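Asker:
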Amino acid sequence: MKGEQEHLEHLIARHYTDKRCFDVVSFVHDFLVCVNDLGAIRCEYENKDSVNVSVAPQDSDILVCVPFSALAFLRSVCARLAMICSEATSGEFLPYGNEVDFPYEIAPGVVVPFHLKFLNTSGIQFLELASLSRHNSSIVDK
Numbered sequence: 001m002k003g004e005q006e007h008l009e010h011l012i013a014r015h016y017t018d019k020r021c022f023d024v025v026s027f028v029h030d031f032l033v034c035v036n037d038l039g040a041i042r043c044e045y046e047n048k049d050s051v052n053v054s055v056a057p058q059d060s061d062i063l064v065c066v067p068f069s070a071l072a073f074l075r076s077v078c079a080r081l082a083m084i085c086s087e088a089t090s091g092e093f094l095p096y097g098n099e100v101d102f103p104y105e106i107a108p109g110v111v112v113p114f115h116l117k118f119l120n121t122s123g124i125q126f127l128e129l130a131s132l133s134r135h136n137s138s139i140v141d142k
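Its first residue numbered 1, the sequence shown is counted upward by one per residue in our numbering.
1. Between which two residues does the beta strand (DSSP E) harbouring His115 extend?
2. Can you name the start and end residues of the beta strand (DSSP E) that Ile62 belongs to?
3. For the 8 Å Cβ check, are there 3 or more pairs between the region 95–111 and the region 120–136?
4. What is the DSSP secondary structure of Ile12, reduced to helix, strand or coil?
5. For Leu63, collect the residues of the same chain with a Cβ closer than 8 Å to its Cβ; drop the 5 residues on either side in sequence, then sort them by chain order.
6. Out of Glu9, Val55 and Leu127, which has the shortest C-alpha to C-alpha gap to Val100?
7. Are the beta-carbon atoms of Glu9 and Cys43 separated by less than 7 Å?
8. Drop a sphere of 10 angstroms on the beta-carbon of Ala107, count the other beta-carbons inside from all chains shown, and report buried for 16 or more, exposed for fewer.
9. Which same chain residues, not among the five before or five after Asp30, have their C-beta less than 7 Å away from its C-beta?
10. Please name the residue, chosen from Phe73, Pro67, Cys34 and Phe68, that lies closest to Ala56 on a Cα-to-Cα basis.
11. Mind reading off the beta-carbon distance from Ala13 to Pro67? Whole number of angstroms is fine, and I expect it under 8 Å.
12. Helix, strand or coil, according to DSSP, for Asp49 in the structure here?
13. Suppose contacts are defined by Cβ-Cβ distances below 7 Å. Is Val110 in contact with Ser133 by that definition?
14. Sort Leu74, Pro103, Ala72 and Arg75 by Cα distance to Glu144 and report the nearest one.
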């Protein structure tokens with residue numbers, strides 16, 4: 001899990017141009033590519049500096065440090081995923097929560113089906129994301 005923690009922290013840090021500017025669009029693209037490799041992931045707000053992450057099938061929690069506000073980070077990722085789902089499914093944009101299957105082009109000509117469940121309210125922020133192209137992927141239930 002240490003390798004996955006370092007990989008996720010590096011992925012997050014790479015998309016911060018400084019402590020206050022986060023490129024959520026390119027991060028979410030790279031995050032979807034990462035989830036396709038890992039299978040399934042659950043992220044939830046832990047504290048102001050950290051996001052709690054579970055990667056299936058290992059199902060052990062790791063804390064991933066975020067350079068600025070973990071709450072702002074997780075809420076922006078949820079909002080971006082909601083927009084992608086809305087565009088991909090021609091459905092309603094639901095920024096505060098949803099559960100949906102959607103396709104996403106992770107590379108030119110490579111479209112992968114994903115399953116997303118998220119809640120993005122003032123009190124609770126979490127997302128569960130799984131690549132449906134992997135045989136062993138499952139959403140981590142807690």
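Ideal Cβ placement from N, Cα and C applies to all residues, glycine included. Predicted model, so just to flag it, every value in this text is computed and none were measured.
Answerer: Short version:
1. Here residue 115 corresponds to residue number 115 of the sequence shown, with the count starting at 1. Going by DSSP, His115 is part of the beta strand (DSSP E) stretching over Val110 to Asn120.
2. For the purposes of this step, residue 62 is identified with residue 62 of the sequence shown, where counting begins at 1. Where Ile62 is concerned, the enclosing beta strand (DSSP E) stretches over Asp61 to Cys65.
3. yes
4. For the purposes of this step, residue 12 is taken as the residue at position 12 of the sequence shown. Of the three classes helix, strand and coil, the one that applies to Ile12 here is helix, per DSSP.
5. For the purposes of this step, residue 63 is taken as the residue at position 63 of the sequence shown. In the same chain as Leu63, and ignoring 5 residues on each side of it, the C-beta atoms closer than 8 Å to its own belong to Gln5, Glu46, Ser50, Val51, Asn52 and Val53, in chain order.
6. Position 100 of the sequence shown holds residue 100. Closest by alpha carbon: Leu127.
7. Translated into positions along the sequence shown, residue 9 becomes position 9. Translated into positions along the sequence shown, residue 43 becomes position 43. Result no, Cβ atoms of Glu9 and Cys43 do not sit closer than 7 Å.
8. Taking the first residue of the sequence shown as 1, we reach residue 107 at position 107. With fewer than 16 other Cβ atoms within 10 Å, it is exposed.
9. As a position in the sequence shown, residue 30 is number 30, starting the count at 1. In chain order, Leu11 place their CB closer than 7 Å to the CB of Asp30, counting only its own chain and leaving out the 5 sequence neighbours on each side.
10. Within the sequence shown, the letter at position 56 stands for residue 56. Measuring from the Cα of Ala56, the nearest candidate turns out to be Cys34.
11. The count along the sequence shown starts at 1 and reaches residue 13 at position 13. The count along the sequence shown starts at 1 and reaches residue 67 at position 67. Going by Cβ atoms, the distance from Ala13 to Pro67 rounds to 6 Å, so yes, they are a contact pair.
12. The residue labelled residue 49 in the question sits at position 49 within the sequence shown. Coil at Asp49, not helix or strand.
13. Working through the sequence shown from its first residue, we reach residue 110 at position 110. Working through the sequence shown from its first residue, we reach residue 133 at position 133. For Val110 and Ser133, no; Cβs fall outside 7 Å.
14. Residue 144 lies beyond the range of the chain shown here (1 to 142); nothing can be said about it.
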